[in-house]
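Only one structure is covered here, and it is reproduced in the block below.
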Amino acid sequence: MANAGEDAIIEMREIRKVYDTGKIKVEALKGIDLTVARGEFVAIVGPSGSGKSTLMNLIGCLDTPTGGQYRLGGEDVSKLDRDKLADVRNRRVGFVFQGFNLLPQISAFENVEMPLVFGGVSLGERRGRVRELLEKVGLSDRMEHKPTELSGGQMQRVAIARALAMGPDVVLADEPTGNLDTTAGGDIMQLFADLWRQDKTLVVITHDMTLARRASRVVEVRDGRIIRDVSSEEVA
Amino acid sequence: MSASRRDLGVVLHLFLGSARLQKKRAFLTIASIAWGTVTILLLLAFGEGLKRQFARNERAMGENLAICWPGESSKVWKGLPEGRAIQPRIDDILVLQQRMPDVRVWGEMSTGRTLLQYARKAVNGRLIGTNYVYGDPRKHYPRPGGRFFGPQDEEQKRRVAFMGYEIAEDVFGKEDPVGRTVLINGSPFTVIGVMQRKTQTSAYGGQDKNHVVIPITTFRALFGRDKLNVVVLHTETEDEMDDAIDRMKQYFAGRYSFDPKDERVFGIWNTVKGQRISGKIFLGMEMFFGIIGALTLIIGCVGVANIMYAVVKERTREIGVKMALGARRGWITGPFILEGLSYTLVGGLAGAVIAIVIVTVLGALPQEKLKVLEFMGQPTLSWPIGAATVAILGTAGLLAGYFPARRAAAIDPAATLRYE
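Residue numbers (the working numbering), protein chains in the order written: chain A, 1 to 236; chain B, 1001 to 1420.
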């Protein structure tokens, strides 16, 4: 486990999130303190309704907190506007979703290329980078295939390649094995383990304790608070 | 790379990517815009043609004319009873011309049917005796090779005649009448000109093409008459007319002793009033055509917006994904606005080309052969029409793209990305 503090990627202090739906105010997060250091592999677990999705949206800069401070890669992102947040997501976060969320009408290559387009990477550089990434996830022979022509496991690998495209500070995965069968899920878990070994910082939100046990650290969220934060060896 | 160039690059990349996938949709949308454009352009072009032709026909008699028929007094004036006939004479015209140098004044005397003879042909026609100033304002333009009579003809009571083109054909057939002699009421006259063809929709006494005009002095000598049937005023501008009529009445009131405020002495047809009314009618008609055309075009644009809304809805998840990957709001809205604009612009251009072709083809049809065109005129595309259409198209295109785009930008990526 890397040393937190100096080399912290994620630093959350007293993070609160209140959803104001007119009459009812729902306090989804009631003060979260979370620090993730570079090179950590963190699994966030918890039952549905615990606030872990909200936590993921905040970590991924898809939403801003109601209170508290959030520094991502040393940058305070708690109060950025939508476009600034978009830039932060582009540069610092790589998303992997349960439902893959690939754009269906374009090829694997173009899907991986998309964050690079947003990042203003030149065409020539994009080509090389996308090829390299798809090779890395073992799909060099599937570059021109559309998502519908790929299996679930292959689609998730494209998604992982896409998440890695901009060299993010953190790869944020939401139930990455949730839609996959055991074999494909196992492959993806292996891929994550490989990435961790290559010093990538990974945050995975999951129900899947098999996956959680592969992480270096397990954070359990319940009722808007962190109730347990332990290294994976301690997880029963 | 500067921010704006990067923005443009990203937007173009996304736009081209989506355009490539939406050929059929793009085609249908463009077709609906083209249809709307053709409709608005043709409606306005026909309206413009109709207006121009109508104005030309209506003004074929002349513009800014006041035709004054003398009648009877209806008020007691300076001890004289009412009901006295007021009868202007030829000499009054000379006085009026001197008093009102800014106004063209002439008198007219006429016969209902006068015998015209040439060779073995005998035709009855209407004969007008008038002053030489009548020619231009009454649009009695001679065909090449002929002329209207001038001051010398009038002064010297020359026996010269200017003929309407239809009566000229009745009398002379295919022969060129100019220079030939026609017997009018038994007296020989030299034909000095034949009127150019014109479509005339307003007239007093009869259509110009059917009458023969001779100098008023010659007419007096021929028939021994001195009393004018009508006095006509022509002013340079519409605004001068009321004053000109007042001054004429003042003169005659003094000359023949009647109350200058007596409205019944002259029956006056002031064409300025009609011109103003028909101007308004045509403005109204053009607006009506414009509105119908614009509505048609708007339907096309609503279609565009509708399709784009559907696309936004259908692609909600995609848009969410793009946002998660770091697309700024402008990069989401840009391609939609560009799409809406390009559909309307391409459609508008296609529609304009089609409309221009139709108008050109109609314009090439011979007008003399088609009676309809004589009154409907030729559809005419003018710059204001073009500018109005471009403005409507541009606005509609922007709006058609803007509203769906705004909805797209309002998508919350966090809400769209989780689970199926």
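The C-beta atom is built at its ideal place from N, Cα and C for all residues, glycine as well.
Every value quoted in this text rests on a predicted model; they were computed, and no experiment measured them.
Whole angstroms is fine: what's the gap from G1347(B)'s alpha carbon to Q1022(B)'s? Mapped onto the second sequence, residue 1347(B) falls at position 347. Mapped onto the second sequence, residue 1022(B) falls at position 22. Those two C-alpha atoms are separated by around 15 Å.
Chain-ordered neighbours of M189(A) on chain B, where CB pairs are closer than 9 Å: If you number the first sequence from 1, residue 189(A) lands on position 189. Residues of chain B passing the Cβ test: none, with the nearest at roughly 20 Å.
If you run the structure through DSSP and keep just helix, strand and coil, what is Y1118(B)? In the second sequence, residue 1118(B) corresponds to position 118, counting from 1. Strand at Y1118(B).
Could you tell me whether any Cβ in chain B is nearer than 8 Å to the Cβ of A86(A)? Taking the first residue of the first sequence as 1, we reach residue 86(A) at position 86. Interface residue, yes.
Are the C-beta atoms of G1326(B) and some chain A residue less than 8 Å apart? On the second sequence, position 326 is the one that residue 1326(B) refers to. Chain A contact via Cβ: present.
Does the Cβ of I1291(B) have 16 or more other Cβ atoms within 10 Å, making it buried, or fewer, making it exposed? Stepping through the second sequence from its first residue, residue 1291(B) is reached at position 291. I1291(B) comes out exposed.
Extent of the continuous beta strand (DSSP E) to which K25(A) belongs: Start at 1 with the first residue of the first sequence, and residue 25(A) comes out as number 25. Residues 24-37.
Starting from the Cα of P1384(B), find the closest Cα among K1261(B), M1287(B), T1344(B) and give me that residue. In the second sequence, counting from the first residue as 1, residue 1384(B) sits at position 384. When each option's Cα is compared against that of P1384(B), the closest is M1287(B).
State the Cα-Cα distance for the pair G124(A) and V130(A), rounded to the nearest angstrom. If you number the first sequence from 1, residue 124(A) lands on position 124. If you number the first sequence from 1, residue 130(A) lands on position 130. Distance between the alpha carbons of G124(A) and V130(A) is about 10 Å.
Shortest alpha-carbon distance to G186(A) belongs to which of R126(A), S48(A), R197(A), Q156(A)? Numbered from its first residue, the first sequence carries residue 186(A) at position 186. Comparing Cα-Cα distances from G186(A) to each of R126(A), S48(A), R197(A), Q156(A), the minimum goes to Q156(A).
Interface residues of chain A facing K1322(B) [CB-CB closer than 9 Å]: Numbered from its first residue, the second sequence carries residue 1322(B) at position 322. Near K1322(B) (Cβ distances below 9 Å), the residues of chain A are L103, M114, F118.
Is it right to say M189(A) is buried, meaning 16 or more other beta carbons lie within 10 angstroms of its own, or is it exposed? Residue 189(A) sits at position 189 when you count from the first residue of the first sequence. The residue in question, M189(A), is buried, as its Cβ has 16 or more Cβ neighbours within 10 Å.
S1257(B) - partner residues in DSSP beta bridges: Taking the second sequence and counting its residues from 1, one reaches residue 1257(B) at position 257. Partner(s): none; S1257(B) has no beta bridge.
With 8 Å as the C-beta to C-beta threshold (strictly closer), list the residues of the stretch 47-76 of chain A near chain B in chain order. S53, N57, G60, L62, D63
Applying a beta-carbon distance threshold of less than 8 Å, which residues of chain A neighbour R1006(B)? Taking the first residue of the second sequence as position 1, residue 1006(B) is located at position 6. Within 8 Å Cβ-Cβ: G120.
Considering only DSSP beta bridges, list what R1142(B) is partnered with. Position 142 of the second sequence holds residue 1142(B). Position check: residue 1142(B) holds Pro in this sequence, whereas Arg was assumed. DSSP lists M1195(B) as partners of P1142(B).
Neighbour list for P1335(B) in chain A, Cβ cutoff strictly below 7 Å: In the second sequence, the residue the question calls residue 1335(B) occupies position 335. Those within 7 Å of P1335(B) in chain A number zero; the least Cβ separation is about 12 Å.
For the stretch 113-169 of chain A, which segments carrying the alpha helix (DSSP H) assignment without a break, of at least 4 residues, lie completely within its bounds, in sequence order? 123-136, 152-164
I want to verify the contact list: residues of chain E whose CB lies under 7 Å from the CB of L1417(B), in sequence order. No chain E is part of this structure, whose protein chains are labelled A and B.
For the beta strand (DSSP E) containing E14(A), name the first residue and the last one. Translated into the one-based positions of the first sequence, residue 14(A) becomes position 14. Taken as a continuous stretch (DSSP letters only), the beta strand (DSSP E) holding E14(A) covers 8-21.
For M1061(B), which of helix, strand or coil comes out of DSSP? Looking up residue 1061(B) in the second sequence gives position 61. Here M1061(B) sits in helix by DSSP.
Between I106(A) and chain B, is there a C-beta pair that is closer than 8 Å? Within the first sequence, numbered from 1, the residue matching residue 106(A) stands at position 106. At least one chain B Cβ lies under 8 Å of I106(A).
Taking D83(A) as the query, report the chain B residues whose CB atoms sit under 8 Å from its CB, ordered along the chain. Reading the first sequence from its first residue, position 83 is the one you call residue 83(A). Correct list: R1328, R1329, G1330.
Opening and closing residue of the alpha helix (DSSP H) in which E1166(B) lies: In the second sequence, counting from the first residue as 1, residue 1166(B) sits at position 166. It spans 1165-1172 - the alpha helix (DSSP H) in which E1166(B) sits, taken as one unbroken run.
Could you tell me whether the Cβ of R129(A) comes closer than 8 Å to any Cβ of chain B? Translated into the one-based positions of the first sequence, residue 129(A) becomes position 129. Chain B, which has no Cβ nearer than 8 Å to the Cβ of R129(A), makes this no.
Which residues in chain A sit within 7 Å of V1010(B), going by Cβ to Cβ distance? Your numbering for residue 1010(B) matches position 10 in the second sequence. Those are V117, F118, listed as they occur along chain A.
Tell me which residues share the same chain as V112(A) and place their Cβ nearer than 8 Å to its Cβ, disregarding the 5 neighbours each side in the sequence. In the first sequence, the residue the question calls residue 112(A) occupies position 112. Closer than 8 Å at the Cβ level, and outside the excluded window around V112(A), lie V130, L133, L134, V158, A161, R162, A165.
Helix, strand or coil: which one does DSSP assign to A1085(B)? As a position in the second sequence, residue 1085(B) is number 85, starting the count at 1. A1085(B): strand per DSSP, three-state reduction.
At the level of alpha carbons, what is the spacing between V1095(B) and M1248(B)? Counting from one through the second sequence, the residue named residue 1095(B) turns up at place 95. Counting from one through the second sequence, the residue named residue 1248(B) turns up at place 248. Going from the Cα of V1095(B) to the Cα of M1248(B) covers about 10 Å.
Rank K1313(B), Q1275(B), L1341(B) by C-alpha distance to the C-alpha of N1057(B) and give the top, closest one. Position 57 of the second sequence, counted from the first residue, corresponds to residue 1057(B). The candidate whose alpha carbon is nearest that of N1057(B) is Q1275(B).
Measure the beta-carbon distance from I1033(B) to Y1343(B) and round it to whole angstroms, keeping in mind my assumption that it falls under 8 Å. If you number the second sequence from 1, residue 1033(B) lands on position 33. If you number the second sequence from 1, residue 1343(B) lands on position 343. Going by Cβ atoms, the distance from I1033(B) to Y1343(B) rounds to 6 Å, so yes, they are a contact pair.
Grab me the residues of R1147(B)'s own chain with a C-beta within less than 7 Å of its C-beta, minus the 5 sequence neighbours each way, in chain order. In the second sequence, the residue the question calls residue 1147(B) occupies position 147. I1192, G1193, listed in sequence order.
Hey, how far is the Cα of D1242(B) from the Cα of F1189(B)? Mapped onto the second sequence, residue 1242(B) falls at position 242. Mapped onto the second sequence, residue 1189(B) falls at position 189. Looking at the two C-alpha atoms, the distance is approximately 38 Å.
Taking the beta strand (DSSP E) that R228(A) falls in, what are its first and last residues? If you number the first sequence from 1, residue 228(A) lands on position 228. Its beta strand (DSSP E) spans residues 225-231.
Sheet register partners of L1297(B) (DSSP bridge): As a working note, residue 1297(B) is residue 297 in the second sequence. According to DSSP, L1297(B) bridges with nothing at all.
Cβ separation of G1011(B) and P1379(B), assumed to be a contact under 8 Å, to the nearest whole Å: Translated into the one-based positions of the second sequence, residue 1011(B) becomes position 11. Translated into the one-based positions of the second sequence, residue 1379(B) becomes position 379. As written in the sequence, residue 1011(B) is Val, which differs from the Gly given in the question. With a Cβ gap of about 40 Å, V1011(B) and P1379(B) do not count as contacting.
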